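One structure is given here, and the rest of the page talks about it.
There are 2 protein chains.
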Amino acid sequence: MPNKILNISVDCVVFGYDTNTKSLNLLLIKRYLESEATKEILVDDYVLTGYHVYEDETLDDSATRVLKELTGLTDQYKKQFKAFGNPDRLMNKKDLIWSEKEAFNLRTVTVAYYFLLKTEDVDVEANKYKAKWFPIRALPELGFDHQQIIEEAHEDLKIKCLAEPIIFELLPNKFTINDVQDLYESILGIEIDNRNFRRKLINKKYIIPLDEKQVGVSKKPAQLYMFSKDIYQKMYHKNYLISI
Amino acid sequence: MPNKILNISVDCVVFGYDTNTKSLNLLLIKRYLESEATKEILVDDYVLTGYHVYEDETLDDSATRVLKELTGLTDQYKKQFKAFGNPDRLMNKKDLIWSEKEAFNLRTVTVAYYFLLKTEDVDVEANKYKAKWFPIRALPELGFDHQQIIEEAHEDLKIKCLAEPIIFELLPNKFTINDVQDLYESILGIEIDNRNFRRKLINKKYIIPLDEKQVGVSKKPAQLYMFSKDIYQKMYHKNYLISI
DNA sequence: ACTAACAAACGTAATTATGACGTTTATTAA
DNA sequence: TTAATAAACGTCATAATTACGTTTGTTAGT
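Which chain is which? The protein sequence lines are A and B, in order.
Quick note: the first sequence, position 163, residue 163 per the working numbering, numbers continuous.
Quick note: the second sequence, position 120, residue 1120 per the working numbering, numbers continuous.
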């Protein structure tokens, strides 16, 4: 039997990072529809994955379900960052392809989440929605109000990655110091002095050097490190600092 | 004509600060109902102010409207911090007093905001909902899931007040250094060294000493200061710092 | 008029963190 | 062998933080 759906949806902003191209990416799905009568192209753009919330699930569960359908992954870092619900949200003609929404005369409110995952963990080809990674600096045309949702997710991520070590959710388990720096630079859109960054990061107790180096590079191979969540949590539990 | 309402509501966590008692307070309204037949007390607790979102207003406008009805105030600092919508949210018998909700078979999702305002700006007596200030360390019994909403608002405020100078939204326009320290201590639940805090705050360009001192105190009267939002915005626009 | 009490306000010294650079090292490709 | 290049290490001046001690200005009580 089908689940009863609500006029409330979740939308998922899925961040991934490609250490090769040093690019912060978003996973988007294709939306395409042309009129059967006139052959007019009604929609041809990309959107975030999202779906209506079932009556018997929490908002968090709903977001987790949507991500699982998209990527097959569970247990990824997830943050609910904002609800969107302007009254004109359903006025857009393009929305008509979502037949479920038509069942309501009410407008839809969407609760937006972002996820952080390792690009390597996702098999994009296996996906039935034609999901595709896009560099955040070169996004395609976006449907609904998803441009705005993405921008606000990015802003929230900027602030959050400076306050908590969530950056490691986007990196492979073994990474180099420069991987971390490149990722910070991708997220924040700034340049960081490598020598100072390196010193600062290596001094963190929760950055563990491994007995391993990069292989298959044509330059001096870099030292590999891992992040210890355990040590972080033991040392930095509620370490508020007044900085303003 | 009545506004059409949605099965989406806003709830407002209203923070105020009393410089005399040095207490961070919340503005709550009384909820009381007894059965006409059995005289059984159905509900007798306090709740956040909230209301359903009208079909033609944004979520932000809805929160602003609720705050205005409660306090008469507009243009207060406002932050949407989380949406709450567990499937059991309408199972609570106590909810039955909200007749509007019964019009829906759907559960309600509430978008929670917090507001920061100066206690002195609110005339509690003038309020038709019997609104009352409660110290956040001594809250009464709370209805619905409002205990949880308040806790999450408080956590968000802790982080936010360390990242941005929103603390001054809670203080009178003219304040002492110790007022600011006391407020930080109330919000964060920590103790701060007065001498170091004082030096740090006075060194901020946006903390302006006035040609005025406290009056009516029975000790050495303290210097009064004001916060210059202008100077802050000119100096601190997008000053990201990697700290982790 | 003097003094105790007390919070406001100022001061200091050691340590740590930061910003802005210069130098050396290990590797591959030519 | 060597040039090229990214990784890794080093230095120094300045700023910020931590952890305290001391002085000042006011009122209230004698």
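C-beta atoms are modelled at their ideal positions from N, C-alpha and C, and glycine is treated no differently.
Bear in mind the structure is a predicted one, so any value in this text is a computation, not a measurement.
Exercise. Of all the options A:ILE29, A:VAL111, A:GLN76, which has the alpha carbon lying nearest to the alpha carbon of HIS52 (chain A)?
Worked result: Of the candidates A:ILE29, A:VAL111, A:GLN76, A:VAL111 places its Cα closest to the Cα of HIS52 (chain A).
Exercise. Is it right to say VAL180 (chain A) is buried, meaning 16 or more other beta carbons lie within 10 angstroms of its own, or is it exposed?
Worked result: buried
Exercise. Terminal residues of the continuous beta strand (DSSP E) containing VAL109 (chain A)?
Worked result: That run of the beta strand (DSSP E) goes 109-118.
Problem set entry | Beta carbon proximity, ALA103 (chain A) to chain B, threshold 9 Å | Below a pLDDT of 50, predicted positions are generally treated as unreliable, and ALA103 (chain A), at 43, falls in that range; the measurement from the model is reported next regardless. It does not: the Cβ of ALA103 (chain A) has no partner Cβ on chain B nearer than 9 Å.
For this session: May I ask which residues mark the beginning and end of the beta strand (DSSP E) holding TYR1077 (chain B)?
Result: 1077-1084
For this session: Please report how far the alpha carbon of ALA1063 (chain B) lies from the alpha carbon of TYR1113 (chain B), in whole angstroms.
Result: 7 Å
Problem set entry | Length at least 3, wholly inside the stretch 1123-1190 of chain B: the beta strand (DSSP E) runs in chain order | 1132-1135
For this session: Given a cut-off of 9 Å, decide if GLU69 (chain A) and THR49 (chain A) are closer than it, judged by their beta-carbon atoms.
Result: yes
For this session: Please classify THR1108 (chain B): is it buried, with 16 or more other beta-carbons within 10 angstroms of its beta-carbon, or exposed?
Result: Under the 10 Å beta carbon count, THR1108 (chain B) is surrounded by 16 or more other beta carbons and is classified as buried.
For this session: Have a look at the DSSP bridge pairing and note the partners of MET1235 (chain B).
Result: In DSSP, MET1235 (chain B) forms no bridge with anything.
Exercise. Taking Cβ-Cβ distances shorter than 9 Å, what residues in chain A pair up with ALA1063 (chain B)?
Worked result: Neighbours of ALA1063 (chain B) on chain A: none; closest Cβ ~11 Å, over 9 Å.
Problem set entry | Close Cβ partners of SER1009 (chain B) (< 7 Å) along its chain, the five nearest in sequence each way excluded | The residues are GLY1050, TYR1051, HIS1052, VAL1053, THR1108, THR1110.
Exercise. With 16 other CB atoms within 10 Å as the buried threshold, where does VAL122 (chain A) fall?
Worked result: buried
Exercise. Closer than 8 Å: is that where the CB of LYS158 (chain A) sits relative to any heavy atom of the ligand HEM?
Worked result: Absence of the ligand HEM is noted for the structure shown, with no ligands found whatsoever.
For this session: Output, in chain order, the set of chain B residues within a Cβ distance shorter than 7 Å of ASP253 (chain A).
Result: Nothing about residue 253 (chain A) can be read from this structure; chain A reaches only from 1 to 244.
Problem set entry | Continuous alpha helix (DSSP H) stretch holding VAL1215 (chain B): start and end | VAL1215 (chain B) -> no alpha helix (DSSP H), and no H or E assigned at all.
Exercise. Taking the alpha carbon of VAL217 (chain A) as the point to measure from, which residue in A:ILE231, A:ASN20, A:VAL14 has its own alpha carbon closest?
Worked result: A:ASN20
Exercise. Residue range of the beta strand (DSSP E) that ASP44 (chain A) falls in?
Worked result: Secondary structure note for ASP44 (chain A): its beta strand (DSSP E) is the uninterrupted segment 41-47.
Exercise. Using a C-beta cutoff of 9 Å, does ASN256 (chain A) count as contacting chain B?
Worked result: Chain A is shown from 1 up to 244; residue 256 (chain A) falls before or after that span and cannot be answered.
Exercise. When the distance is taken between beta carbons, is GLN1080 (chain B) closer than 9 Å to LYS160 (chain A)?
Worked result: Contact annotation: LYS160 (chain A) and GLN1080 (chain B) have beta-carbon atoms that are not nearer than 9 Å.
Exercise. Can you give the beta carbon distance from SER1186 (chain B) to SER1023 (chain B), rounded, assuming they're within the 8 Å contact cut?
Worked result: 7 Å
For this session: State yes or no: is the beta carbon of ILE159 (chain A) nearer than 9 Å to at least one beta carbon in chain B?
Result: yes
Exercise. Between which two residues does the alpha helix (DSSP H) containing GLU1069 (chain B) stretch?
Worked result: 1059-1071
For this session: Below 9 Å between beta carbons is the criterion; list the residues of the stretch 25-59 of chain A that meet it against any residue of chain B, in chain order.
Result: Cβ contacts with chain B: VAL53, TYR54, GLU55, ASP56, GLU57, THR58, LEU59.
Exercise. Relative to the C-alpha of GLN1214 (chain B), which residue among B:ASN1127, B:ASN1025, B:TYR1225 is closest?
Worked result: When C-alpha distances from GLN1214 (chain B) are compared across B:ASN1127, B:ASN1025, B:TYR1225, the shortest belongs to B:TYR1225.
Exercise. Should ARG199 (chain A) be labelled buried (16 or more other beta-carbon atoms within 10 Å of its own) or exposed?
Worked result: exposed
Problem set entry | As assigned by DSSP and simplified to three states, the class of ASN1025 (chain B) | strand
Problem set entry | Near-chain B residues of the stretch 188-202 of chain A - C-beta to any C-beta below 9 Å | Here the close residues are LEU188, ILE190, ILE192, PHE197, LYS200, LEU201.
Exercise. According to the neighbour-count rule (16 or more other Cβ atoms, all chains shown, within 10 Å of its Cβ), is GLY16 (chain A) buried or exposed?
Worked result: buried
Exercise. Between B:ASP1044, B:ASP1061, B:PRO1209, which lies nearest to GLY1143 (chain B) when the distance is taken from Cα to Cα?
Worked result: B:ASP1044
Exercise. Would you report the Cα separation of HIS1154 (chain B) and PHE1084 (chain B), rounded to the nearest angstrom?
Worked result: 15 Å
For this session: Determine the direct distance from the alpha carbon of VAL1124 (chain B) to that of LEU1027 (chain B), and round the result to whole angstroms.
Result: 9 Å
Exercise. Beta-carbon of ALA1131 (chain B) versus every beta-carbon of chain A: anything under 9 Å?
Worked result: no
Exercise. Near ILE1177 (chain B), which residues of its chain fall below 6 Å by C-beta distance, leaving aside the five closest residues on each side in sequence?
Worked result: ARG1198, LEU1201
Exercise. Could one say the Cβ of LYS82 (chain A) lies closer than 9 Å to chain B's Cβ atoms, at least one of them?
Worked result: yes
Exercise. Skipping 5 residues on each side, what residues in its chain have a beta carbon closer than 8 Å to that of PRO1140 (chain B)?
Worked result: LEU1028, ASP1045, TYR1046, PHE1134
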